Amino acid sequence: MGGYLLRRLYHSFIVILGITLIIFIITHMIGDPVVLLLSPEATQADRDELQRQLGLDRSLPLQYIVFIKDAVRGDFGVSFRHQRPALELVLQHLPATLELTLAAMVLSVLISLPLGILASMKPGSLLDRTGMTFALFGQSAPVFWIGIMFILLFGVKLRWFPISGRGGIENLVMPAMTLALFSTAAQTRLTRSSMLDVLDKDFIRTARSKGLHEFKVILKHAFKNALIPIITIVALQFGMMLSGAVITETIFAWPGVGRLAVNAIYNRDYPVIQAAVFVTSLFFIFINLLVDLIYTKIDPRITYR
Amino acid sequence: MKNKKTILYLKKMPIAGGVIFGLVIFSAILGPVLVPYGPADQDFSKVLKPPFWQNGGEIKHPLGTDMMGRDIVSRIVHGARISLFVGLVTVLLSCFIGTWLGMLSGYIGGKMDSLIMRLTDIQLSMPYILIALAIIGALGPSIKNIIIVIAITNWVGYARIIRGEVLSLRQMEFIEAAVVGGCSTPRILFYHILPNVVNSLIVLATLDLGRVIIFESAFSFLGLGVKPPATSWGAMLADGRIYLTYAWWLATFPGLAIMFTVLGTNLLGDWLRDILDPKRKRYVLV
Numbered sequence: 083m084g085g086y087l088l089r090r091l092y093h094s095f096i097v098i099l100g101i102t103l104i105i106f107i108i109t110h111m112i113g114d115p116v117v118l119l120l121s122p123e124a125t126q127a128d129r130d131e132l133q134r135q136l137g138l139d140r141s142l143p144l145q146y147i148v149f150i151k152d153a154v155r156g157d158f159g160v161s162f163r164h165q166r167p168a169l170e171l172v173l174q175h176l177p178a179t180l181e182l183t184l185a186a187m188v189l190s191v192l193i194s195l196p197l198g199i200l201a202s203m204k205p206g207s208l209l210d211r212t213g214m215t216f217a218l219f220g221q222s223a224p225v226f227w228i229g230i231m232f233i234l235l236f237g238v239k240l241r242w243f244p245i246s247g248r249g250g251i252e253n254l255v256m257p258a259m260t261l262a263l264f265s266t267a268a269q270t271r272l273t274r275s276s277m278l279d280v281l282d283k284d285f286i287r288t289a290r291s292k293g294l295h296e297f298k299v300i301l302k303h304a305f306k307n308a309l310i311p312i313i314t315i316v317a318l319q320f321g322m323m324l325s326g327a328v329i330t331e332t333i334f335a336w337p338g339v340g341r342l343a344v345n346a347i348y349n350r351d352y353p354v355i356q357a358a359v360f361v362t363s364l365f366f367i368f369i370n371l372l373v374d375l376i377y378t379k380i381d382p383r384i385t386y387r
Numbered sequence: 010m011k012n013k014k015t016i017l018y019l020k021k022m023p024i025a026g027g028v029i030f031g032l033v034i035f036s037a038i039l040g041p042v043l044v045p046y047g048p049a050d051q052d053f054s055k056v057l058k059p060p061f062w063q064n065g066g067e068i069k070h071p072l073g074t075d076m077m078g079r080d081i082v083s084r085i086v087h088g089a090r091i092s093l094f095v096g097l098v099t100v101l102l103s104c105f106i107g108t109w110l111g112m113l114s115g116y117i118g119g120k121m122d123s124l125i126m127r128l129t130d131i132q133l134s135m136p137y138i139l140i141a142l143a144i145i146g147a148l149g150p151s152i153k154n155i156i157i158v159i160a161i162t163n164w165v166g167y168a169r170i171i172r173g174e175v176l177s178l179r180q181m182e183f184i185e186a187a188v189v190g191g192c193s194t195p196r197i198l199f200y201h202i203l204p205n206v207v208n209s210l211i212v213l214a215t216l217d218l219g220r221v222i223i224f225e226s227a228f229s230f231l232g233l234g235v236k237p238p239a240t241s242w243g244a245m246l247a248d249g250r251i252y253l254t255y256a257w258w259l260a261t262f263p264g265l266a267i268m269f270t271v272l273g274t275n276l277l278g279d280w281l282r283d284i285l286d287p288k289r290k291r292y293v294l295v
């Protein structure tokens, strides 16, 4: 176990190194920040001076090493637009994104697991067919359109919820529902199919013939064994939500990392883009590591060497 | 025998999925000839007309007009061409990249395998929408760039699944026989391995098409896609969002077009999986 953890941490380290390289390459594709920062009337001397200040006169490999050194210390430079350290800006916007993502996660798990289990108990029933149709539509609708339709229906027509910004719980409802929709659909379908796989097994028949209450058979015997693929997809969806939050935040003017990053992309404010991508990636890696460790707790058959 | 099987499969074909997808292909190919207006035909005497069943609507513009008096139906039909084109080209590209990398990774193994798998790890650990947005922001918005960016962020799913299949195929006797028989590695990959993973590829690609269409519309929605006067469903949605309080139809219909197209490809994908992959492997696309 200890050896496995060490190896995983080593892999994570390589992945993080790869991510910094990609971030570095993208920022260099975005273009010369000197042109963006200086007014058109600036002289060549001004340009050279700024280039030297930003360290852009050095060779590319050297610039990359400096970039990594700074990144390790959490220094991604100062935002061109906000005139504040980029990492500080990202960390300041992080709670909003986490609030939204966690709310959506909880919502989707609370809906999808019971729905998937109920659907699997009576395949072909009305509930099963309705649930699966809903899931199929949910998986097909683009997130941003659903968000707009929610705004139209609940915000503009019915005036139940505010249509933008962050604040009380009423602000959270529509963005969280929007973000949760796709994951709810995917998780419902997967819960149903992995429950159906398990319900076919011999030990379920044994449990039933022992005279156990159906409730207990489903929750204790079947669900526990169907859990591995479900946890995998829930973790996967969590990662996708962090990514999908970009669009949801833009639509609802939710002041999170995603909206910050999109605005940074429009403004070519590359220290902020770097910091945002880096911080989000660290989250991804951490979640994946966590899930792998959770597997061993749930399923004793899984051991890592 | 085989014929009977084919008939049975055709019977199970999702009619809704087939009809929807057929309609989209039809609109993309022939639509622009059939609809009366071009996507950029403006008529400032008919700005923001509602659909025909509402007060003030007219049958000449069944789903209404937008803020420049452009016909919504015509624009949606023209938009089908862009969505489908971007979707198909991107899926083909990422399928091509992913298949070859997956086959190399699974068949050659060793250092090549570690390298490619680390690459997929890196790709999977990054917030792909953000990365794609940043690259498009850097390259400048255009259809070509959208295709490139989605393709290079999307090959991972193919590579992983194909690698898994190749790993089990490699143990099979017919591959051993081919090796002993003196086939070169490219020949084995192309003639012996590829035909055996084609079924999975078809299923994966069909299910992927819908996802890519949604991606493309998301980029266009954020203003990083096609430039006016060309139109796409995502760009129409972006317009619709601005006029949401005055004109509900602007944002509603392009979104429905996207949703039903994706629904069609998803239904077809599910059906293909059932007939091509009877063991019912689960494809969790990442």
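Protein chains in written order, with the working numbering: chain H, 83 to 387; chain F, 10 to 295. Ideal Cβ positions, reconstructed from N, Cα and C, are used throughout, including at glycine. None of the values given here were measured: they were computed from a predicted structure.
Next on the checklist: Using 8 Å as the threshold, is the C-beta distance between Gly166/F and Leu128/F below it?
Outcome noted: Reading the second sequence from its first residue, position 157 is the one you call residue 166/F. Reading the second sequence from its first residue, position 119 is the one you call residue 128/F. No, the Cβ-Cβ distance between Gly166/F and Leu128/F is not below 8 Å.
Item to check | Any non-hydrogen atom of the ligand NAD within 7 Å of Gly40/F CB | outcome: With respect to the ligand NAD, the structure shown offers nothing to examine, as it has no ligands at all.
Checklist entry - With Ala227/F and Ile329/H assumed to form a contact (beta carbons below 8 Å), what rounded beta-carbon distance in angstroms separates them? => result What you label residue 227/F is simply residue 218 of the second sequence in a count that begins at 1. What you label residue 329/H is simply residue 247 of the first sequence in a count that begins at 1. Right, the Cβ-Cβ distance comes to about 6 Å (below 8 Å), so this counts as a contact.
Checklist entry - In this structure, does DSSP put Asp80/F in helix, strand or coil? => result For the purposes of this step, residue 80/F is taken as the residue at position 71 of the second sequence. DSSP places Asp80/F in strand when its eight states are reduced to three.
Checklist entry - What first and last residue would you give for the alpha helix (DSSP H) that runs through Gln269/H? => result Your numbering for residue 269/H matches position 187 in the first sequence. Residues 251 to 281.
Checklist entry - How about the region 27 to 34 of chain F and the region 164 to 178 of chain F: do they share at least three Cβ pairs that are nearer than 8 Å? => result no
Checklist entry - Which full runs of the alpha helix (DSSP H) of 4+ residues lie inside the region 41 to 118 of chain F, going along the chain? => result 81 to 117
Checklist entry - Cα separation between Asn310/F and Gln132/F? => result In the structure as shown, chain F starts at 10 and stops at 295, and residue 310/F therefore has no counterpart that could be examined.
Next on the checklist: Going by beta-carbon coordinates alone, are Asp75/F and Leu57/F separated by less than 8 Å?
Outcome noted: Here residue 75/F corresponds to residue number 66 of the second sequence, with the count starting at 1. Here residue 57/F corresponds to residue number 48 of the second sequence, with the count starting at 1. Closer than 8 Å, so yes.
Item to check | Whether Ser193/F touches Gly88/F by CB criterion (8 Å) | outcome: On the second sequence, residue 193/F is found 184 positions in, with the first residue counted as 1. On the second sequence, residue 88/F is found 79 positions in, with the first residue counted as 1. No, Cβ-Cβ distance for Ser193/F and Gly88/F is not below 8 Å.
Next on the checklist: Given this structure, state the Cα-to-Cα distance separating Trp336/H from Phe262/F, to the nearest angstrom.
Outcome noted: Position 254 of the first sequence, counting from 1, holds the residue named residue 336/H. Position 253 of the second sequence, counting from 1, holds the residue named residue 262/F. Distance between the alpha carbons of Trp336/H and Phe262/F: 25 Å.
Next on the checklist: Measuring CB atoms only, is the region 303 to 319 of chain H touching the region 240 to 255 of chain H, in the sense that at least three cross pairs come out at less than 8 Å?
Outcome noted: no
Item to check | Same chain only: Cβ atoms within 8 Å of Lys236/F, ignoring 5 sequence neighbours per side | outcome: As a position in the second sequence, residue 236/F is number 227, starting the count at 1. Same-chain partners within the cutoff: Pro150, Ser151.
Checklist entry - Distance, Cα to Cα, Lys55/F vs Gly65/F? => result To locate residue 55/F, count along the second sequence from 1; it is residue 46. To locate residue 65/F, count along the second sequence from 1; it is residue 56. Their Cα atoms are separated by approximately 10 Å.
Checklist entry - Sorted by chain position, which residues of the same chain lie with C-beta nearer than 8 Å to Leu272/H's C-beta, five sequence neighbours on each side aside? => result Your numbering for residue 272/H matches position 190 in the first sequence. Excluding sequence neighbours, Leu272/H sits near Gly198, Pro311, Ile312, Ile315.
Checklist entry - Where Ile223/F and Asn370/H are concerned, what is the direct C-alpha to C-alpha distance, given to the nearest angstrom? => result In the second sequence, the residue the question calls residue 223/F occupies position 214. In the first sequence, the residue the question calls residue 370/H occupies position 288. Approximately 25 Å between the Cα atoms of the pair.
Next on the checklist: Bridge partners for Pro167/H per DSSP, in chain order?
Outcome noted: Along the first sequence, one-based indexing puts residue 167/H at 85. Answer is Val160/H, bridged to Pro167/H.
Item to check | Closer than 9 Å at the beta carbon, the chain F residues around Phe219/H | outcome: Against the first sequence, residue 219/H aligns to sequence position 137. Simply Met268, Leu272.
Checklist entry - Between Leu263/H and the rest of its own chain, which residues show a CB-CB distance below 6 Å, the 5 nearest in sequence each way excluded? => result As a position in the first sequence, residue 263/H is number 181, starting the count at 1. Excluding sequence neighbours, Leu263/H sits near Gly220, Ile228.
Checklist entry - Exposed or buried, Pro23/F, counting other C-beta atoms within 10 Å across all chains shown (16 or more means buried)? => result Walking along the second sequence from the start, residue 23/F turns up at place 14. Burial call: buried.
Checklist entry - Can you tell me the Cα-Cα spacing of Leu294/F and Thr215/F, whole angstroms? => result Indexing the second sequence from 1 puts residue 294/F at position 285. Indexing the second sequence from 1 puts residue 215/F at position 206. Residue confidence is low: Leu294/F scores 39 on pLDDT, short of 50, so the model does not pin down where it sits. No coordinate-derived value is stated.
Next on the checklist: Output needed for Ser161/H: all residues of its chain with C-beta closer than 8 Å, excluding positions within five of it in sequence on either side, in chain order.
Outcome noted: As a first step, residue 161/H is located in the first sequence; it is residue number 79 there, counting from the start. Excluding sequence neighbours, Ser161/H sits near Pro167, Ala168, Leu171, Ala346, Asp351, Pro353, Val354.
Next on the checklist: Report the CB separation of Ala9/F from Gly249/F in whole angstroms; it is logged as a contact under 8 Å.
Outcome noted: The structure shown has nothing for residue 9/F, since chain F only spans 10 to 295.
Checklist entry - Do Asp130/F and Val97/H have their C-beta atoms within less than 8 Å of each other? => result Along the second sequence, one-based indexing puts residue 130/F at 121. Along the first sequence, one-based indexing puts residue 97/H at 15. Contact flag set, yes.
Checklist entry - Can you tell me whether DSSP reads Pro23/F as helix, strand or coil? => result Here the question's residue 23/F lines up with position 14 in the second sequence. Three-state DSSP puts Pro23/F in coil, outside helix and strand.
Item to check | Reduced DSSP secondary structure (H/G/I, E/B, other) of His110/H | outcome: Numbered from 1 along the first sequence, position 28 holds the residue referred to as residue 110/H. Helix at His110/H.
Checklist entry - Relative to the alpha-carbon of Ser36/F, which residue among Ala25/F, Arg84/F, Ala49/F has its alpha-carbon at the smallest distance? => result Reading the second sequence from its first residue, position 27 is the one you call residue 36/F. Cα-wise, what sits closest to Ser36/F is Arg84/F.
Checklist entry - Does the beta carbon of Thr362/H sit closer than 8 Å to a beta carbon anywhere in chain F? => result Residue 362/H sits at position 280 when you count from the first residue of the first sequence. So yes, Thr362/H belongs to the interface.
Checklist entry - Any beta-carbon of chain H closer than 8 Å to the one on Phe230/F? => result The residue given as residue 230/F occupies position 221 in the second sequence. For Phe230/F, the answer is yes, since a Cβ of chain H falls inside 8 Å of its Cβ.
Next on the checklist: Run through chain F and tell me which residues come within less than 8 Å of His93/H, C-beta to C-beta.
Outcome noted: In the first sequence, the residue the question calls residue 93/H occupies position 11. Residues of chain F passing the Cβ test: Arg127, Asp130.
Item to check | Val280/H beta carbon less than 8 Å from that of Leu142/F | outcome: Within the second sequence, numbered from 1, the residue matching residue 142/F stands at position 133. Within the first sequence, numbered from 1, the residue matching residue 280/H stands at position 198. Against a cut-off of 8 Å, the Cβ pair of Val280/H and Leu142/F comes out as no contact.
Checklist entry - To the nearest angstrom, how far is it from the Cα of Gly338/H to the Cα of Ile107/H? => result In the first sequence, counting from the first residue as 1, residue 338/H sits at position 256. In the first sequence, counting from the first residue as 1, residue 107/H sits at position 25. Taking the straight line from one Cα to the other gives about 25 Å.
Checklist entry - If you compare alpha carbons, which of Met77/F, Leu113/F, Gly219/F is closest to Asp52/F? => result Working through the second sequence from its first residue, we reach residue 52/F at position 43. Cα-wise, what sits closest to Asp52/F is Met77/F.
Checklist entry - So is Arg291/F in contact with chain H if we call contact Cβ pairs under 8 Å? => result Within the second sequence, the letter at position 282 stands for residue 291/F. Because the pLDDT at Arg291/F is just 48, under 50, the model does not fix this residue reliably, and the point stays unresolved.
Next on the checklist: For Ser246/H, would you say it is in contact with chain F, using Cβ-to-Cβ distances shorter than 8 Å as the test?
Outcome noted: Taking the first residue of the first sequence as position 1, residue 246/H is located at position 164. No, Ser246/H does not count as interfacial toward chain F.
Next on the checklist: Given this structure, state the Cα-to-Cα distance separating Gly27/F from Gly273/F, to the nearest angstrom.
Outcome noted: Taking the first residue of the second sequence as 1, we reach residue 27/F at position 18. Taking the first residue of the second sequence as 1, we reach residue 273/F at position 264. Computed Cα separation, rounded: 7 Å.
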